[in-house]
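To start, the structure under review is shown below, and the notes come after it.
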Amino acid sequence: MNNYQIFKNFQKHIVLDEAEKAFLISSLKVREILKKEYVLKHGQTCKKLYFVESGSLRAFHINSEGKESTIMFAVQDWWITDMNCFVNQKPAMLFIEALEDSKVLELDFDALEALYQKSPKFERFFRILFQNAYIREQLRALHNISYSTEERYKQFVQKYPIIVKKVTQKQIASYLGVTPEFLSFIKKK
Numbered sequence: 246m247n248n249y250q251i252f253k254n255f256q257k258h259i260v261l262d263e264a265e266k267a268f269l270i271s272s273l274k275v276r277e278i279l280k281k282e283y284v285l286k287h288g289q290t291c292k293k294l295y296f297v298e299s300g301s302l303r304a305f306h307i308n309s310e311g312k313e314s315t316i317m318f319a320v321q322d323w324w325i326t327d328m329n330c331f332v333n334q335k336p337a338m339l340f341i342e343a344l345e346d347s348k349v350l351e352l353d354f355d356a357l358e359a360l361y362q363k364s365p366k367f368e369r370f371f372r373i374l375f376q377n378a379y380i381r382e383q384l385r386a387l388h389n390i391s392y393s394t395e396e397r398y399k400q401f402v403q404k405y406p407i408i409v410k411k412v413t414q415k416q417i418a419s420y421l422g423v424t425p426e427f428l429s430f431i432k433k434k
């Protein structure tokens, strides 16, 4: 049981005893996802939070003109969901797809609530996780209004070298909010 990647993730913020580890594992469902398979589609009720054991996923939105905007990527040891819709149990605004064959651990909304009831440690862990996600998104918004596309691209490559190896230029461009052609121009500079 101790070889799960998720325990390393939890140990970044809290220490679980064996009973808590067992309860956590009993709360999760292992799911194998094939490349290009969706774990969530726009309009579905978002009932799960996903931990990436292996592989990579992408969350994105498609606007009324059909333009994709990548909201986030998730690689091994990362969490991903449509947070607004998960927390509020509403239809998803995002699509989440596997960028490669992946293995995720699914945590159902009700199972998360049961973890909170089981131990304050779980509440602490997810509070820290959600705070860090909020900080990351706030910094991303600030970078989008404060830095040039070239600076944002360089920061992305420096901060997420693993993601750069796994995703297409088109997906990076949609994350940065530019066209693939403009990103190509930036990269040639």
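In this note's numbering, each residue's number is its place in the sequence shown (first place is 1) plus 245. Don't be surprised by glycine CBs; every beta carbon is placed ideally from N, CA and C. Please read these numbers as outputs of a predicted model, since none were measured by experiment.
{"Asked": "Close-in-space but distant-in-sequence residues of the same chain around PHE268 (CB under 6 Å, 5 per side omitted)", "Found": "LYS363"}
{"Asked": "Other residues of its chain near SER272: CB distance less than 7 Å, five sequence neighbours each side excluded", "Found": "LEU352, ALA356, ALA359 and LEU360"}
{"Asked": "Test item: CB-CB of ILE259 and ARG381 under 7 Å", "Found": "no"}
{"Asked": "Closest Cα partner of GLN400 within the set ILE278, TYR420 and ILE307", "Found": "TYR420"}
{"Asked": "Opening and closing residue of the alpha helix (DSSP H) in which TYR420 lies", "Found": "414-421"}
{"Asked": "ILE341 beta carbon less than 7 Å from that of VAL435", "Found": "The first residue shown for the chain is 246 and the last is 434, placing residue 435 beyond what the model contains."}
{"Asked": "Proximity to VAL275 [Cα-Cα], best of ALA264, SER299, ASN254 and GLN289", "Found": "SER299"}
{"Asked": "Uninterrupted beta strand (DSSP E) stretches inside the segment 334-370 (no shorter than 3 residues)", "Found": "340-343 and 347-353"}
{"Asked": "contact_flag[the segment 331-340, the segment 278-293] where n(CB pairs < 8 Å) is 3 or more", "Found": "yes"}
{"Asked": "DSSP three-state assignment for HIS388, whether helix, strand or coil", "Found": "helix"}
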